[in-house]
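So the structure is just underneath, and the comments pick up after that.
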Amino acid sequence: MEKKELSNMLSEVLLPFGFKKKGDYWVLNHDVITKIINLQKSQFNNSFYINYGYVLKSIPLTGMMHIYNRLTSSNIEERNWILELLNLENDISINERSTELKKILLEILISNMQIINTEQDLINELKKRPHLNDVPMNVKEHLNLME
Numbered sequence: 000m001e002k003k004e005l006s007n008m009l010s011e012v013l014l015p016f017g018f019k020k021k022g023d024y025w026v027l028n029h030d031v032i033t034k035i036i037n038l039q040k041s042q043f044n045n046s047f048y049i050n051y052g053y054v055l056k057s058i059p060l061t062g063m064m065h066i067y068n069r070l071t072s073s074n075i076e077e078r079n080w081i082l083e084l085l086n087l088e089n090d091i092s093i094n095e096r097s098t099e100l101k102k103i104l105l106e107i108l109i110s111n112m113q114i115i116n117t118e119q120d121l122i123n124e125l126k127k128r129p130h131l132n133d134v135p136m137n138v139k140e141h142l143n144l145m146e
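Take the sequence shown: its letter number 59 is residue 58 in numbering that gives the first Met the number 0, and every next letter is one higher.
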């Protein structure tokens, strides 16, 4: 599998949910929040990362997203499997890679992103985190999440 095939597979999953493809990004605009998914190539090998997050339209943006996440899992075996699937240098067949990645995208990525549609949804999700160290100060202030 090459990057183009990986990108096309992501589009197969994301476009039916309303995302629009823009380069290595898939974007879904809502009234208050923009949802963004990004395919990022590793600097070290032919591996990729799937980043996702949210832009609050009411706050100036200084980076790619206000709230940033990476497709992963708290389950070590599942996390390692995701890394293997996104490493295009291994011997996983195209069919298995595609089937498994689509399943993970639906179960983790889409299910997480579908519940965030308002600032309150985002606040509720952020409150589940053990810390907010990766959330920009202006976002924490705007959402009244100062510790």
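Every residue gets a Cβ at the ideal spot worked out from N, C-alpha and C, and that includes glycine.
Between the Cα of residue 7 and the Cα atoms of 96, 107, 138 and 121, which residue gives the shortest distance? Closest in C-alpha terms to residue 7, from the list 96, 107, 138 and 121, comes 96.
Say whether the region 92 to 109 touches the region 7 to 18, bearing in mind that this needs 3 or more beta-carbon pairs closer than 8 Å, one atom from each stretch. Enough Cβ pairs lie closer than 8 Å, so yes.
Taking contact to mean 3 or more Cβ pairs, one atom from each stretch, closer than 8 Å, check whether the region 13 to 31 and the region 80 to 100 are in contact. No, the region 13 to 31 does not touch the region 80 to 100.
To test your reading of the DSSP string, which unbroken beta strand (DSSP E) runs of 3 or more residues are found completely within the region 28 to 97? Within the region 28 to 97, the complete beta strand (DSSP E) runs of at least 3 residues are 32 to 40, 47 to 55 and 66 to 69.
Hey, out of 37, 56 and 60, whose CA is closest to residue 117's CA? Minimum Cα distance to residue 117 is reached at 56.
Could you check which residue in 87, 44, 134 and 145 has the C-alpha nearest to that of residue 52? Minimum Cα distance to residue 52 is reached at 134.
Applying the criterion that 16 or more other CB atoms from any shown protein chain within 10 Å of the CB defines a buried residue, is residue 79 buried or exposed? Taking every protein chain shown into account, the CB of residue 79 has fewer than 16 other CB atoms within 10 angstroms, so this residue is exposed.
Do the region 112 to 126 and the region 25 to 34 meet, that is, are 3 or more Cβ pairs less than 8 Å apart? Here the region 112 to 126 makes contact with the region 25 to 34; the two share three or more CB pairs at distances below 8 Å.
Figure out for me which residue from 3, 124 and 121 has the closest Cα to the Cα of residue 39. Nearest in C-alpha terms to residue 39, of all of 3, 124 and 121, is 3.
Look at the alpha carbon of residue 122 and the alpha carbon of residue 61, and state the distance between them as a whole number of angstroms. If I take the Cα positions, the gap works out to 20 Å.
Excluding the five sequence neighbours on either side, which residues of its own chain have a C-beta within less than 6 Å of the C-beta of residue 141, listed in chain order? Spatial neighbours of residue 141 in its own chain (CB-CB distance under 6 Å, excluding positions within 5 residues in sequence) are listed in chain order as 58.
Return the CA-CA distance between residue 145 and residue 83, expressed in angstroms with no decimal places. About 37 Å.
Give every residue of the same chain whose Cβ lies closer than 7 Å to the Cβ of residue 71, excluding the five residues on either side of it in the sequence, and list them in chain order. If we look at residue 71 and ignore the five residues flanking it on each side, its Cβ neighbours are 78 and 81.
Just to confirm the assignment, what range does the beta strand (DSSP E) spanning residue 19 have? Per DSSP, the continuous beta strand (DSSP E) segment holding residue 19 begins and ends at 19 to 21.
Just the Cα atoms here: how many angstroms apart are residue 89 and residue 44? Cα atoms of residue 89 and residue 44: separation of roughly 11 Å, rounded to the nearest angstrom.
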